[in-house]
Each structure stands twice: as C-alpha cells, then as structure tokens.
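Student: Quick one: the structure is below, questions incoming.
In the numbering used here, the protein residues as written are 99 to 564.
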C-alpha cells in the first residue's frame, strides 16, 4: 500500500501539474489529488484493520518478573517548596502515632501536575520546568480540567509499642477514620501477597473520567515504606498451529494505569535469556518491548501497540521482515534521520555514516546529570578515532544561544543537532529521560543503549581495538 502511495506522489511531482507552481489549478491535478486522498484513506483503514486485538487476563502478583518499586512523596508542611500548595489536609489521622508521615502515591503524574497547574497551585515557572525535564507537552485532549483522584494517600508511623504501622486511604475519600492500620511486611518478603491491599483511583481515559480498582503492595523500610502494583496482563495468541503467551507489565510494576507498558512473548526462551536476571532468574520488564517496538512470535515479527483498558485487549500488528524494521530496540536498525549540524549548518545523515560506529548523546544544558556525563564523553572522544567512531549530540529544550555558549565554554568538539518540533528526534528515539545514549554499529543496528561514565569509555575504546 505504501508503495502505491509513493508511486502516486512521484507521478504528481514529475508531471507538468506541479502543485507549487499551478496551485492545483487544472483538472489533472485535482483528479490526482482525489485519487491520492482515497488511497491514503484506504491505507489508513487497512493499517487499522491489520491490528490484532487479544483479550487479556489480569494476573495478581509479580509472576516471572523482577519488580520495581516507588517511594511515596512525603508531604511535610513545615518545609516550603514548589509542591507545598498541592498538599491535602487529611482527616481521621491516628492521634496516638509517633513520627507520623503522610505521602501521596501518584497514579498519573501528568494529570496530577496538570490539574494543580490549572488550579494555580503550581507556579508557571515550575510547571514549565517540569515539562522540560519530562520531555512533555501537555495535551488538553488527554487531560481532565476537573481535578480527579489520580493518586492515593498512605500514612505511616510508630504505635505506642514502637511498631511501624501503615494505613492506606483505600477508598480515596481523604479520610483515614474508616481505614484499618496494618504492619507492612519486611522488604525481604516483597514477593509475598500477605500485605496486598485494594485501592480505588480515577483516570481520564478516552475523554472520560473512569474509576478503577487495583492491588497495591506495600512493605516497610527503616524510615517508611515502599510500594508497587503487583499485577500484570497475559493474552494468548495462536499462530502456525502453536499457542503463545504475551505478557504485559505496567511501568515496571510502579504504576497500575498501563500507560507506559512493556511486553514479552513468554514462550521465546532463547530471546528471553538476555532479559533474565542471573541471580533471581526473573525477567527485567525494562528490557522488554516498549509500545511501538517489536517482538518475534514463531517466525514472524509483530509491533506491540499497547493496551486498551476499555476493550480489555492488548494490541499487536504484523510487521515486515526483521531486516526492514527500524526500531529503538537493541539489535534493530536505528531510525534514520537527516538534519543540520547546529554549528556547521551541514547535513548530517545517519545513513551516510554506515560503516562506522555512531554514538548519539541525547542531552540538554539544563540537565545536571547530562553535564556530569560530559567529562566521560570527552574522555571517550579523545581516546577514539573519528574514522571508526562518530559522536553526535542531540540537544532538547535548549535555545540556540544557550547551546552555543555552553558548547564553546566547555569545548565540545562533536556535532550537535537541536531536536525540535520539525525533526522530533527525541520522539523518534523514544527518549523519556536524560541523559540517554544510543550506540549504533557499522551496519546501522543499535548495539547498546544508555552507556554512562567509565562504562561508556571502556566500551568505546574496546570497540576501537577490534
């Protein structure tokens, strides 16, 4: 279908009816554009109909996966900061607890920030800084102007005997008088389900505010608690006469909303070895296929689309052959781009760099961890040969003036490209946090991601010796 569309584009551009010259003034051009419109429409419908929807089952627990955790954002009204105005005065707090702390566990960070910014509880400057740091542009279509309960509160403290107890606002009414205190399990018992508690929360999902329930796992530390959401999804898929199981984890068990999910084919034991912790023998969700990335089922490749919580299905889409796929995954061809070098104003084409290793560093002058990585990048740059390894910087959320001043002051020698709304390099490579690096091999495939510090220096210098 894409080849047909490209053919019509070539006909249009090669004909005497140039759209930029004649402004679609003649009948031939109008006819051609009508045909093109319908081809595009058919292509869109075909792509949508090509999506496979698989009903999923929600499994409680961590299953065969390594689980992450979150620490509640503790609210201390005695210390003023940018978040102070968002703190909520809770009701029904136990009067006999010592060292009592209250904290919020966020279900949807973006919604929480958006609704507090809209109500004036966050300053404009802080709101803009968060957008920059999170690489986030708020979309009003996906966010509720009306505040919703996209969080749950937890309190912890010591009772009269010195035992650490906790309480969850499980029904999300901001009142603890109707809740029961419990003693969280020890961290060593994190995989035990004996301290799992059901909570209620709200999400703005597909233009509607929806109520959900999920399980929250909570265990104690020396000074508080840690939490995770122990559940994952499993769907069955039959192809080539064999059954396969696809599992989906939400944000490494740190969020129940299934927004940023990763997926894996449980039957693919060979591929899964690379994602397995050698000590626990469990799978790392962070190494699994992200939304928009690929996995292999039997002899075919599929793009993982994501989860639809309204239909209760996970979505996959048949893909092209492996060698023709471009993805941000290790082992796949890196997405191609061609952009201007900020200083030289020359084209930098990733395709033209085939035959060399390419290190792409995604960073910003505003990012402290990025600035802390600069000495290691400079060391690796000085120890390697440009005929073998090319360095590229991709800068996000910076002005040309700020970038120019910083690069000149710190004597950064490698080319820089500014990621903007036109090239969308940050989105193209699915960068969610900074700094981030992508190392591409001479064949154009991603070799490794997120090299840092001395490890970055060691890997690049070893490659040069091969």
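Yeah, the Cβ is synthetic: ideal placement off N, Cα and C, and Gly gets one too.
So, at 6 Å on beta carbons, what are the nonlocal neighbours of residue 489 in its own chain, with the 5 sequence-adjacent residues on each side left out?
Tutor: Hits under 6 Å: 457, 479, 512.
Student: So residue 275 and residue 190 are in contact, right, with Cβ under 8 Å, and what is the actual spacing, rounded?
Tutor: With 8 Å as the limit, residue 275 and residue 190 qualify as a contact, their Cβ atoms being about 3 Å apart.
Student: Taking contact to mean at least 3 C-beta pairs separated by less than 8 Å, is the segment 191–209 in contact with the segment 244–253?
Tutor: Contact between the segment 191–209 and the segment 244–253 is present, because at least three Cβ pairs lie under 8 Å.
Student: Would DSSP call residue 326 helix, strand or coil?
Tutor: Residue 326 falls in the strand class under three-state DSSP.
Student: Taking only runs that begin and end inside the segment 383–415, name each unbroken alpha helix (DSSP H) of 4 or more residues, in chain order.
Tutor: Counting whole runs of 4 or more residues, the segment 383–415 contains no alpha helix (DSSP H) stretch at all.
Student: In the structure shown, what three-state DSSP assignment does residue 124 receive?
Tutor: Any reading at residue 124 is ruled out, since the residue's pLDDT is 49, under 50, leaving its predicted position unreliable.
Student: Using three-state DSSP, classify residue 283 as helix, strand or coil.
Tutor: Strand.
Student: With distances taken Cα to Cα, identify the nearest neighbour of residue 173 among 345, 252, 332, 266.
Tutor: Taking only the C-alpha atoms, the option nearest residue 173 is 252.
Student: Taking residue 338 as the reference, which of 396, 261, 169 has the closest Cα?
Tutor: For residue 338, the nearest C-alpha among the options comes from 396.
Student: Output needed for residue 557: all residues of its chain with C-beta closer than 8 Å, excluding positions within five of it in sequence on either side, in chain order.
Tutor: The answer, listed in chain order, is 537, 546, 549.
Student: With DSSP run on the structure shown, which of helix, strand or coil describes residue 472?
Tutor: Residue state, collapsed to three classes: helix.
Student: Is it buried or exposed for residue 242, if we count other Cβ within 10 angstroms and need 16 for buried?
Tutor: Counting Cβ neighbours within 10 Å, residue 242 comes out buried, since at least 16 surround it.
Student: Assuming the contact rule is C-beta atoms closer than 8 Å, residue 352 and residue 317 should be a hit. Round their C-beta distance to whole Å, please.
Tutor: Contact doesn't hold; Cβ gap of about 14 Å is too wide.
Student: Are there 16 or more other CB atoms within 10 angstroms of the CB of residue 260, so buried, or fewer, so exposed?
Tutor: Exposed.
Student: With DSSP collapsed to three states, give me the class of residue 370.
Tutor: Here residue 370 sits in helix by DSSP.
Student: Relative to the C-alpha of residue 166, which residue among 285, 196, 554, 510 is closest?
Tutor: Comparing Cα-Cα distances from residue 166 to each of 285, 196, 554, 510, the minimum goes to 285.
Student: By how many angstroms is the C-alpha of residue 336 removed from the C-alpha of residue 384?
Tutor: The straight-line gap from Cα to Cα measures roughly 26 Å.
Student: Nearest CA to the CA of residue 221: which residue from 382, 344, 183, 453?
Tutor: Checking every option, the nearest Cα to that of residue 221 belongs to 183.
Student: Taking the alpha carbon of residue 493 as the reference point, which residue from 525, 486, 482 has its own alpha carbon closest?
Tutor: Closest option to residue 493, Cα to Cα, is 525.
Student: Among 266, 223, 344, which residue has its Cα nearest to the Cα of residue 201?
Tutor: Here the closest residue by C-alpha is 266.
Student: First and last residue of the beta strand (DSSP E) that includes residue 164?
Tutor: No beta strand (DSSP E) holds residue 164; DSSP gives it neither H nor E.
Student: On the CB-based measure, 16 or more other CB atoms within 10 Å of its CB, does residue 485 come out buried or exposed?
Tutor: Exposed.
Student: Less than 8 Å between the beta carbons of residue 224 and residue 412, yes or no?
Tutor: Contact: no.
Student: Pick out whichever of 164, 150, 156, 152 has its Cα sitting closest to the Cα of residue 374.
Tutor: Ranking the options by Cα distance to residue 374, first place goes to 164.
Student: Exposed or buried, residue 414, counting other C-beta atoms within 10 Å across all chains shown (16 or more means buried)?
Tutor: Under this definition residue 414 is a buried residue.
Student: Buried or exposed: which applies to residue 312, given that a residue is buried once 16 or more other Cβ atoms fall within 10 Å of its Cβ?
Tutor: Per the 10 Å Cβ criterion, buried.
Student: Determine the DSSP secondary structure at residue 340, reduced to helix, strand or coil.
Tutor: Three-state DSSP puts residue 340 in a strand.
Student: Should residue 182 be flagged as near chain B, meaning a C-beta pair shorter than 8 Å?
Tutor: Among the protein chains of the structure shown there is no chain B, as only one such chain exists.
Student: Can you give me the Cβ contacts of residue 453 inside the same chain, cut-off strictly under 7 Å, excluding the 5 residues immediately before and after it?
Tutor: Around residue 453: 540.
Student: For residue 343 and residue 355, what's the separation of their Cα atoms in angstroms?
Tutor: Roughly 21 Å separates the two Cα atoms.
Student: Could you check whether residue 425 and residue 392 sit closer than 8 Å to each other, using their CB atoms as the reference points?
Tutor: It is a contact, given that the beta carbons lie within the stated cut-off.
Student: Relative to the C-alpha of residue 565, which candidate in 405, 300, 314 has its C-alpha closest?
Tutor: Absent from the model: residue 565. The displayed extent of the chain is 99 to 564, so no value can be given.
Student: Can you look up residue 334 in the DSSP assignment and give me helix, strand or coil?
Tutor: Three-state DSSP puts residue 334 in a strand.
Student: Do residue 236 and residue 212 count as a contact pair if the criterion is CB distance below 8 Å?
Tutor: Cβ distance < 8 Å, so residue 212 and residue 236 count as in contact.
Student: Here's a check: name, in chain order, each residue in its chain whose Cβ is nearer than 6 Å to the Cβ of residue 427, leaving out the five neighbours to either side.
Tutor: These residues qualify, in order along the chain: 391.
Student: Where DSSP assigns a beta bridge to residue 456, which residues make up the other side?
Tutor: According to DSSP, which records beta bridges pairwise, residue 456 is partnered with 488, 538.
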